[in-house]
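Scroll down for the structure; my scribbles are underneath it.
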Amino acid sequence: MTAPSAASPRKAIVIGGSLGGLFAANLLLRDGWDVHVYERVADELESRGAGVVTHPELMEVLTAAGVDVADRIGVDVSERVTLRQDGTVEDKRALPQTLTAWGRLYQVLRRAFPAERYHNGHQLLSFTQDAESVTAVFADGREASGDLLVAADGLRSTVRQLLEPQTKPQYAGYLAWRGLVEESSLSERTLAELFPYFAFGLPPREQMIAYPVAGQGNTVEPGRRRYNFVWYRPADQDTTLRDMLTDASGKVWPDGIPPPLIRPEVLAQARRAAREVLAPQFAEIVEKTENLFFQPIFDLESTGLAHGRVALLGDAAFVARPHCGMGVTKAGSDAANLVRALGTGVDVPDALRTYEAERHEVGRFIVGHARALGAYMQAQTLTATEREMAEKYRSTEAVMRETAVPPKTGRAQAD
Ligand SMILES: Cc1cc2nc3c(=O)[nH]c(=O)nc-3n(C[C@H](O)[C@H](O)[C@H](O)COP(=O)(O)OP(=O)(O)OC[C@H]3O[C@@H](n4cnc5c(N)ncnc54)[C@H](O)[C@@H]3O)c2cc1C
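Under the numbering used here, think of the first position of the sequence shown as 4, with each following residue one higher.
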């Protein structure tokens, strides 16, 4: 690891200590920057999250960030399968992939970064910048100054809201039920017919995708792994979704309800629907998931990624629907591209303009592709283009070929 250069260490402030922030922080540190990460959440984030699909591009960025990717990052699968509602196989195709978990990626990236440079319990409220520096101001009045501020503060980014108040997440018209179930709790049939696969269920206007991931303590030992699923269902924003986002006290959580506050009848309804519309193997995993939760799905496109000495990256910059499984990979590649641009020796604002020129197009492309992949699940009125995409991407063959696979054309592949 390169220590910050004694002569003139450039200082970076990273806001948000999740995967995007940790990619940026590790890469900047290894390029000689004096970096500190400021995360709003007071406790460790490790227990959060669910499954993540890896791509070769992600492995490259992890390696550059100081992570040994040979160190069992996840569970390997070799085939995809689609199950009909009666549980029989509709289609199969070979597609080797490594499936990991958010917690595993967080753990390896966090270990690669010096603990004394990572600060929990720091919520950014505002920032100022001038020709020489940028200063972050936190909720408790503390401040941090540097040459660069990296906004890796996610979908509801405070930094982006200060810079581009007009840019808002757009509800996609459907939500995702998610969960993780213990391998050891599954029936023999589900263990044999579902667990080894990246599996799909495609009821009309819905989509279930599921795959094995590491278990507690990030073990990949057979018998102790877990099975992860994401089940997309349309939900009208003003009626169904609003009701589901309402807790037992009557409070509505428009940006997403904390999982412990989801009403028991909403959870029971989801389990009932799983039995009615999904293959029995999928219904079993939904039934046996203890911490079942849902998230509304959003699209988000920032207008700019470079604002003087401030760079937006990861979900703060663009959020694509999860169908291409590119969220983490995009955050990593944003960070790699940013650090490359800063390494050319030009001023920070110039480097950030170069970063923006390269990554804005990639972000837009991924958001557009994911929107096309998900169009057939939207509850709200579709535009003509969305209707065309809904037709194109509703066949089993197209869904199995393109889901959780990097988009094939455009700049996304080159970066
Ligand atoms: C249903 C679903 C499935 C997904 N599946 C996949 C998948 O298979 N593969 C994949 O690659 N991606 C997937 N994603 C996307 C992926 O989770 C994100 O794209 C990725 O984690 C980007 O992370 P980030 O660091 O940019 O943002 P986040 O993970 O949202 O992190 C932002 C961080 O900033 C902190 N923060 C926020 N505000 C402040 C503040 N004011 N001050 C300080 N800190 C602050 C937050 O606490 C948080 O820790 C999925 C997403 C969803 C919703």
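Yeah, the Cβ is synthetic: ideal placement off N, Cα and C, and Gly gets one too.
Any non-hydrogen atom of ligand 1 closer than 7 Å to residue i Cβ
| i | result |
| --- | --- |
| GLU405 | no |
| LEU112 | no |
| MET329 | yes |
| GLY421 | The requested residue 421 is not part of the displayed model; the chain covers only 4 to 418. |
| TYR174 | no |
| HIS441 | Because residue 441 is not part of the residues shown, which for the chain are 4 to 418, the question remains open. |
| THR332 | yes |
| SER336 | no |
| ALA360 | no |
| TYR41 | yes |
| ILE18 | yes |
| ASP350 | no |
| PRO263 | no |
| ALA134 | no |
| VAL216 | no |
| ASP156 | yes |
| GLN164 | no |
| ARG181 | yes |
| ASP318 | yes |
| GLN169 | no |
| LEU48 | yes |
| LEU295 | no |
| PRO325 | yes |
| GLY24 | yes |
Sequence-distant residues of the same chain with beta carbon closer than 8 Å to residue i, five excluded per side
| i | result |
| --- | --- |
| THR386 | none |
| GLU1 | Beyond the ends of the chain as shown, which are 4 and 418, falls residue 1; an answer cannot be given. |
| GLU186 | LEU194, PHE198, PRO215, GLY218, PRO225, GLY226, ARG227, ARG228, ARG229 and TYR230 |
| GLU146 | THR138, ALA139 and VAL140 |
Start-to-end residues for the beta strand (DSSP E) that takes in residue i
| i | result |
| --- | --- |
| TYR396 | Segment: none, TYR396 is in no beta strand (DSSP E) and carries neither H nor E. |
| LEU315 | 313 to 315 |
| ALA139 | 137 to 141 |
| LEU61 | No beta strand (DSSP E) holds LEU61; the alpha helix (DSSP H) holding it covers 59 to 67. |
| LEU127 | 127 to 132 |
| LEU3 | There is no way to answer for residue 3, as the model of the chain reaches only from 4 to 418. |
| ALA195 | Run containing ALA195: none in the beta strand (DSSP E); it sits in the alpha helix (DSSP H), 191 to 196. |
| GLU146 | 146 to 149 |
| TYR214 | 210 to 216 |
| VAL55 | 54 to 56 |
| GLY204 | 201 to 204 |
Nonlocal neighbours in the same chain, by C-beta distance under 6 Å from residue i, ignoring five residues either side
| i | result |
| --- | --- |
| LEU189 | none |
| PRO283 | GLY90 |
| GLN416 | Any reading at GLN416 is ruled out, since the residue's pLDDT is 40, under 50, leaving its predicted position unreliable. |
| SER136 | SER148 |
| ALA407 | VAL56 and GLY328 |
| ALA273 | TRP180 |
| THR5 | Residue placement at THR5 cannot be trusted, given a pLDDT of 45 that sits under 50; what the coordinates show is reported in the next sentence. For THR5, where only same-chain residues beyond five positions count, the Cβ hits under 6 Å are ARG33 and GLY35. |
| PHE285 | GLY204 and MET211 |
| HIS310 | LEU166 |
| PHE201 | VAL80, ARG83 and TYR214 |
| THR131 | THR138 |
| LEU421 | Residue 421 lies beyond the residue range present for the chain, which begins at 4 and ends at 418; the question has no answer from this structure. |
| VAL223 | ARG75, VAL78 and ALA217 |
Residue i - containing alpha helix (DSSP H), residue span
| i | result |
| --- | --- |
| SER336 | 330 to 345 |
| LYS14 | No alpha helix (DSSP H) contains LYS14, which is instead part of the beta strand (DSSP E) from 14 to 18. |
| LYS291 | 283 to 291 |
| GLY106 | 105 to 114 |
| ALA354 | 351 to 377 |
| VAL280 | 267 to 280 |
| GLN164 | 161 to 166 |
Which residues DSSP lists as bridging residue i, in chain order
| i | result |
| --- | --- |
| TYR177 | PRO237 |
| LYS95 | VAL84 |
| TYR41 | ILE18 and HIS122 |
| HIS310 | VAL313 |
| ARG229 | GLU185 and VAL216 |
| PHE321 | GLU304 |
| LEU152 | ILE16 and VAL313 |
| THR249 | VAL255 |
| ASP79 | THR101 |
Same chain only: Cβ atoms within 7 Å of residue i, ignoring 5 sequence neighbours per side
| i | result |
| --- | --- |
| PRO7 | Low confidence applies here, because PRO7 scores a pLDDT of 47, under 50, leaving its location unreliable; read the following figure in that light. GLY35, TRP36 and ASP37. |
| MET403 | ARG83, THR85, ASP94, ARG96 and PHE203 |
| VAL269 | MET247 |
| THR306 | GLU167 and THR170 |
| ALA115 | ASN29, ALA68, GLY69 and VAL70 |
| THR175 | Note on residue identity: the sequence assigns Ala, not Thr, to residue 175. Closer than 7 Å at the Cβ level, and outside the excluded window around ALA175, lie ILE300, PHE301, ASP302, ARG324, GLY377 and GLN381. |
| HIS372 | CYS327 and PRO410 |
beta-carbon residue i near ligand 3 non-hydrogen atom, thresh 7 Å
| i | result |
| --- | --- |
| SER129 | You won't find ligand 3 in this model; what it holds is ligand 1. |
CB contact below 8 Å: residue i versus chain C
| i | result |
| --- | --- |
| ILE369 | This model lacks chain C altogether, as it is built from one protein chain only. |
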